[in-house]
Amino acid sequence: MTQRAKIALIEIPGLDLNQSGLDRSVSCSQHISTTVPRGLGDPHVSVNFRATPPIMGYNAIRQSQGSVALFFELFCNRLLQSEELIIIRYVDISSGKDYLNRPIITDSLSKFFITSPKFTEPIFYFSRPPQASVVIGLNQDVYSEVNLNFIRDQKIQLSRRFAGGGAVFVDPGNLTYVFIDNDDGSNYGDFKRYAQPVISTLKKLGVDAKMTGRNDLTVDGKKISGMSALKIGDRFLCGGTLMVDVDLAKAAKALTPPKVKLQSKGIKSVHSRVTNIRQYFDPKYKNITFEELEKRILLTVFRVTDIRDVPTYTMTDDDWKDVLKIADQAYTGDDFVMGTKPNDDYFRGRHFDGVGTVEISFSVKNDVVTHAKIYGDFNNPNGDLAAIENHITNVPFAKDSLEEAFRISNLEANIGKVTPPDMADLMLKEKYDLK
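Take 23 as the starting number for the sequence shown in our numbering and just add one per residue.
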């Protein structure tokens, strides 16, 4: 008799990725579903291989040449009598095209993949919006980030995602790529790791894409993709939007980021900051379709030469029903999307390298902070911002008092690597005023 076993393949020691032919750029944690004879051990068996970095995909190992690949295959298929081996799957969401006309469904889809017990291995998928929309980060102030009058006049949809990051304008000229993975203690928040397959693919097409700053892909100093992350339990999302044929004129009018954010990047407007990648493709790829672009990215992610070798799962009607339930539970009205409009005495913001823009709306009466609300595009959707706001409320509006309030607020866990003196300085100095 046999029982189900889940084997966590993390890393392989002493593996020279350059010599093995494996793609150093593509890496994630992996899970193997297999069967083992009863009595061999606990059904959750840990395989303690080590290597840097981890490798994504059975196909990557299968296609490599050498003793490491042979040992791995023999170990899994003979020693453990494996019948099934899945490390990462591509999920085809095209069956839900009738649902995906609402941004909230796209965002709920991500949460479904993170929380559903049906998916335990890392997965990868694409999505494309059928119409224009603006999607803001979980902690952002929509009133300062978005030209609400313009998007209403243009019938552009507005949505707030569960993940952090900044506001983005997406339309049918945009391709979103998403990894859902399991946290191994080092991969969550490693944007470069998950952007690398896209960067590698673009370079093959003639686009000299680079990872810039915390979570942007750029060409010639202009942004072509922004990334965000969301973690629930031990499972997380890491993905980005890829601008191919986006309506840049509408994007420039729809987004109104605070000047502090633009100044931190040395630019004057949204329009001067972003660009489409179409113009950078080699001449023979100028007319590449989205379907072909997706295919080439998949071949890179899964280290195969034939798209038929990509392990694929197609969303079912029951899956989509579960996604709709998440959407209905999460979005009970406009409150989640719109939030509360700041109506304080001060609204200040500052960009912190490696963290993002942090903004504070606050009021002061008789030299005491009477109200505070924190916003920003920092990629930490799990932070307890309310705890920080409570700590700095009813505190004297003075350097020492504010620093102490921020010191007990666990800033790194709730926002990122910002210091109590920096946050106190943000509130006290007029140079950070966003009004």
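For every residue, glycine included, the Cβ atom is placed at its ideal position computed from N, Cα and C.
Counting only runs of 4+ residues, the alpha helix (DSSP H) found wholly inside the stretch 352 to 401 occupies 357 to 360, in chain order. By the Cβ test, the stretch 147 to 166 is in contact with the stretch 181 to 192, since at least three Cβ pairs between them sit closer than 8 Å.
A contact between stretches requires three or more CB pairs, one per stretch, nearer than 8 Å, and the stretch 125 to 141 fails this requirement with the stretch 302 to 319. Annotation for threonine 322: the continuous alpha helix (DSSP H) segment containing it runs 312 to 324. The DSSP-derived three-state label of arginine 111 is strand. Judged by pairs of C-beta atoms under 8 Å, the stretch 224 to 243 does not touch the stretch 171 to 178, as fewer than three such pairs exist. Of the residues assessed, isoleucine 430 falls on the exposed side of the cut-off, its CB having fewer than 16 other CB atoms within 10 angstroms.
Closest in alpha carbon position to valine 268, among Ala435, Ser247 and Asp205, is Ser247. A direct Cα-to-Cα measurement between isoleucine 414 and aspartate 357 gives close to 25 Å. The beta carbon of cysteine 260 is closer than 6 Å to those of Phe201, Tyr216 and Ala251 in its chain, skipping five residues each way along the sequence.
Under the criterion of beta carbons closer than 8 Å, isoleucine 158 and arginine 182 qualify as touching, at roughly 5 Å. With contact defined as three or more Cβ pairs closer than 8 Å, the stretch 431 to 438 and the stretch 396 to 408 are in contact.
Remark: C-beta atoms of phenylalanine 135 and phenylalanine 141 approach each other more closely than 8 Å.
By the neighbour-count definition (other C-beta atoms within 10 Å, threshold 16), alanine 394 is a buried residue. Contact between the stretch 326 to 338 and the stretch 215 to 234 is absent, with fewer than three C-beta pairs closer than 8 Å. Around the beta carbon of aspartate 406, fewer than 16 other beta carbons lie within 10 angstroms, which makes this residue exposed. By the Cβ-count criterion, glutamine 351 is exposed, with fewer than 16 other Cβ atoms from all chains shown falling within 10 Å of its own Cβ. The secondary-structure analysis by DSSP pairs aspartate 455 across a beta bridge with Arg370.
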